[in-house]
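Take a look at the structure set out below.
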Amino acid sequence: MKPDIKKTHPNYQRIYKVIGQIPYGSVATYGQIARLAGLPGQARMVGYALHSSPDRLELPWHRVINSQGTISFPKAEVAYDVQRSLLEAEGIIFKNDRVNLRRYQWNPEDIDWNFL
DNA sequence: AACGTGACAAGGC
DNA sequence: AGCCTTGCCACGT
72 MKPDIKKTHP
82 NYQRIYKVIG
92 QIPYGSVATY
102 GQIARLAGLP
112 GQARMVGYAL
122 HSSPDRLELP
132 WHRVINSQGT
142 ISFPKAEVAY
152 DVQRSLLEAE
162 GIIFKNDRVN
172 LRRYQWNPED
182 IDWNFL
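Read in our numbering, the first sequence has 86 at position 15, and its numbers run on one by one without any break.
And the structure:
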C-alpha cells in the first residue's frame with residue numbers, strides 16, 4: 072500500500088513536485104532533482120522516493136535517469152524496456168543505451184512549489 | 001535501536 | 001573506459 076503524498080516525508084514531497092514538472096521530451100538526473108528540491112548530494116533519496124511514490128500522482132518517473140545518461144534499471148528487467156520505450160516515444164534518442172544529456176536535460180527557469 | 005539496503009553521484013586509481 | 005570507495009538519509013527489519 073503506497074502512501075498518500077501528505078503522509079510522505081517532507082523531503083519526498085519536494086522531490087515529487089520537482090519531478091512532476093519535468094516537461095515532455097526532456098529528462099532530468101537524480102542528482103539534479105535532488106539539487107532542485109533543495110537536497111544537494113542526496114540523489115539516492117530521489118530514487119528511493121520514486122520507488123515508493125503514490126501511484127495517484129502519476130509522475131513522469133520515466134524522465135528521471137542517472138548522471139551517465141543511462142537508465143538505472145538493469146537491462147534485463149522489464150522496467151528498463153518500459154522506461155526506454157516511453158522516452159523514445161517522446162522523441163528521445165538512445166545511442167549505445169545512453170541519451171545525450173546536453174541535448175535533452177531539463178533546465179528549469181523556476182520551480183513551482185505549489186505544483187501538485 | 002542498530003543495521004542493511006537502495007531506480008545515485010563524484011572522485012580516485 | 002571500468003572498478004572500487006565513500007557520502008548521503010529514509011525505511012524496513
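Backbone N, C-alpha and C define an ideal beta-carbon position, used for all residues, glycine too. Given the structure is predicted, the values throughout are model-derived calculations rather than measurements.
Query	Result
Beta-carbon proximity list for Q176, same chain, < 8 Å, skipping 5 on both sides	S97, V98, A99, T100 and Q103
3 or more residues per run - each beta strand (DSSP E) lying fully within the segment 77-154	none
Contact set for L121: own chain, Cβ-Cβ below 6 Å, skip 5 residues either direction	W132
Euclidean distance between Cα positions of R134 and K77	23 Å
Cβ-based neighbour list, K88, same chain, cut-off 8 Å, excluding 5 preceding and 5 following	A108, I182, D183, W184, F186 and L187
Residue nearest to G83 in terms of C-alpha spacing, selected from G112, S123 and I93	Rather than Gly, the amino acid found at residue 83 in this sequence is Tyr. For Y83, the nearest C-alpha among the options comes from S123.
Residue burial classification, I163 (beta-carbon count within 10 angstroms, cutoff 16)	buried
Three-state secondary structure (DSSP) of M72	Its pLDDT being 48, under 50, M72 is placed unreliably by the model, and the measurement read from it follows with that caveat. Reduced to three states, the DSSP call for M72 is coil.
Inter-residue Cα distance where the pair is T130 and Y95	The sequence shown places Leu at residue 130, rather than the Thr named in the question. Approximately 12 Å, taken between the alpha carbons.
V117 and I93 closer than 7 Å at C-beta	no
Counterpart residues of F165 in DSSP-defined beta bridges	V170
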